[in-house]
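Student: Below is one structure. I have some questions about it.
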Amino acid sequence: MPTGEDGVQRPAVPADVHLCGALSAAQVDALKGQYRSWLFLNPEGAEGCPKDAVTAAGVQYACVPVMLPAGLTAECADDLRRVLRELPRPCMIQCSTATRSSAALLLALADRHGYNADAALQLGRDMDLNVTAGTSPGADAEEGKPVHPLVAWLRRELGDRALCEAAPAAAAADADLIFRQMFDGPAPEGGGSSTYTYLLADRTSKEAVLIDPVLEQVDRDLRVVASLGLELKYALNTHCHADHITGTGELKKRVPGLRSVIAKASGAKADVLITPEDKIKFGKFELANVATPGHTNGCVTYVLGKLAFTGDAVLVRGCGRTDFQQGSPADLYDGVHARVLTLHGDTALFPAHDYKGRNVTCVRDEELFNPRLTKDKAAFCDLMDNLGLAYPKKLDVAVPANMVCGIQDD
-16 MPTGEDGVQR
-6 PAVPADVHLC
4 GALSAAQVDA
14 LKGQYRSWLF
24 LNPEGAEGCP
34 KDAVTAAGVQ
44 YACVPVMLPA
54 GLTAECADDL
64 RRVLRELPRP
74 CMIQCSTATR
84 SSAALLLALA
94 DRHGYNADAA
104 LQLGRDMDLN
114 VTAGTSPGAD
124 AEEGKPVHPL
134 VAWLRRELGD
144 RALCEAAPAA
154 AAADADLIFR
164 QMFDGPAPEG
174 GGSSTYTYLL
184 ADRTSKEAVL
194 IDPVLEQVDR
204 DLRVVASLGL
214 ELKYALNTHC
224 HADHITGTGE
234 LKKRVPGLRS
244 VIAKASGAKA
254 DVLITPEDKI
264 KFGKFELANV
274 ATPGHTNGCV
284 TYVLGKLAFT
294 GDAVLVRGCG
304 RTDFQQGSPA
314 DLYDGVHARV
324 LTLHGDTALF
334 PAHDYKGRNV
344 TCVRDEELFN
354 PRLTKDKAAF
364 CDLMDNLGLA
374 YPKKLDVAVP
384 ANMVCGIQDD
């Protein structure tokens, strides 16, 4: 990323953490008054150590040596996470070239927002961080070149295609909320739809809901529900899916009293047809729903505090197509900008799909970096009207089944 004349890199996220490499004593003196804390990633006492200068100015100082390659351990990552949680902001992270500093920043952001390795590396590329130079969504290094040890370390620490097993820290969710993210992978274990299903439950009452269940994953979903001792109350769909058959019909057969939920605007059948003023209650929690049509005419986003389940309306650095099922790029643009991107910037956005291993994003990241939704409305509509995508392989089977709650003839 570009370095300013003062030797500082200023990433857009989180805006109050800056990065630098080696600085002269004069540069440190000029900068120290701008920060409340300073983290040094070389050994204490190494050449250029700013400890004396910054502490004399009342700046809180910390040192966590991050040494390549032997020092790239789980213990080092844990130390960085802990220190960066505790240091006051604004904070400077200093190494020799701002590369280790950028890796430390990604660790801290992943710690706060629940990002797995692919989601964190995506954010690093979006901000042009040094550590992600040469990486791409499909490769951790340029062809023929070795993977940088810091990139390999981030992947080990954050997990390859790891899923969220709790709400992200930034969402500040109630401690009684049980949260699980699940994924529909390729056959034979899954249906191959790359769909995320979400389980939410009240730890005390044990009442639970599933969002966007997949037919081929019903056994898995019920195993997870049983392992947590939960009572499944509702199965919700964000929209009438075209790429897989919903699991709600099979779940209703196997879970007495379970009720299916979908937006009334979808035209699909369900036990509960919701409108925007309705809330889905489980235990002490309530899921609100906001209309986000455009991918289909009946899409909704479910919202619980700083957690939002966006279906196909907002994906990680993308959005759902708008060329069938009464889709409308103008409606999608308006609904997302009015009802999703106006949520708190730390609100976690959990999509119905991702095809590149990423697990979660947040409002702030999509406001800044979504290559589709950051366009103006006219440019967005032109793009969406000319994608030229093939229809989903399961379209002719999935849509008719999902219009009747996923219930198929035996």
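The sequence shown begins at -16 in the numbering used here and counts up by one.
In this text, a Cβ means the ideal position worked out from N, Cα and C, and glycines have one as well.
Could you work out which residue in C223, R65, Y217, T305 is closest to G266 when comparing CA atoms only?
Tutor: Y217
Student: Classify E(-12) as helix, strand or coil using the three-state DSSP reduction.
Tutor: coil
Student: Can you list, in chain order, the residues of its chain with a C-beta nearer than 7 Å to that of D109? Leave out the 5 residues immediately preceding and following it.
Tutor: Only F352 meet the Cβ criterion.
Student: Work out the CA separation of T275 and T357 for me, nearest whole Å.
Tutor: 17 Å
Student: Measuring CB atoms only, is the region 115 to 128 touching the region 67 to 76, in the sense that at least three cross pairs come out at less than 8 Å?
Tutor: Contact between the region 115 to 128 and the region 67 to 76 is absent: fewer than three C-beta pairs spanning the two stretches fall below 8 Å.
Student: Whole-angstrom Cβ separation of C345 and V319, contact assumed at under 8 Å?
Tutor: The Cβ separation is near 14 Å, so there is no contact.
Student: Use the C-beta contact count for Y285: other C-beta atoms within 10 angstroms, 16 or more gives buried, fewer gives exposed.
Tutor: buried
Student: Mapping DSSP to helix, strand and coil, what is E58?
Tutor: helix
Student: Helix, strand or coil for Y378 per DSSP?
Tutor: For the record, residue 378 in the displayed sequence is Leu; it is not Tyr. Helix at L378.
Student: Who does Q43 pair with in a DSSP beta bridge?
Tutor: According to DSSP, Q43 bridges with S20.
Student: For D202, decide whether its Cβ has a neighbour in chain C, counting only Cβ atoms nearer than 8 Å.
Tutor: Here there is only one protein chain, and chain C is not present.
Student: Quick one, which of L88, H131, G230 has its alpha-carbon nearest G107's?
Tutor: L88
Student: Give me the Cα-Cα distance between T279 and D368, rounded to the nearest whole angstrom.
Tutor: 14 Å
Student: Just curious, the alpha helix (DSSP H) that R237 is in, first and last residue?
Tutor: 231 to 237
Student: Report the option in L14, L104, P151, L160 whose CA atom is closest to the CA atom of L137.
Tutor: L104
Student: Nearest-angstrom Cα distance between V130 and A29?
Tutor: In a straight line, the C-alpha of V130 is about 27 Å away from that of A29.
Student: Is it buried or exposed, M50, if we count other Cβ atoms within 10 angstroms and call 16 or more buried?
Tutor: Counting the other CB atoms within 10 Å of its CB gives M50 a total below 16, which places it among the exposed residues.
Student: With DSSP run on the structure shown, which of helix, strand or coil describes D317?
Tutor: helix
Student: Please tell me whether N385 and C147 are closer than 8 Å, where the distance is taken between their beta carbons.
Tutor: With contacts defined as CB atoms closer than 8 Å, N385 and C147 fail to qualify as a contacting pair.
Student: Could you compute how far the alpha carbon of V299 sits from the alpha carbon of P312?
Tutor: 17 Å
Student: R347: which of L324, R355, A362, R341 sits nearest, CA to CA?
Tutor: L324
Student: Excluding sequence positions up to five away, which residues of its chain have a Cβ less than 7 Å from the Cβ of R355?
Tutor: G301, C302, F363, L366
Student: Give me the residue from A152, A81, A335, V207 with the minimum Cα distance to G294.
Tutor: A335
Student: Less than 6 Å between C-beta atoms, sequence neighbours within five positions excluded: which residues of the same chain meet that for Y374?
Tutor: For Y374, same chain residues with a beta-carbon under 6 Å away, outside a window of 5 residues either side, do not exist.
Student: Do D159 and R186 have their beta-carbon atoms positioned less than 8 Å apart in this structure?
Tutor: yes
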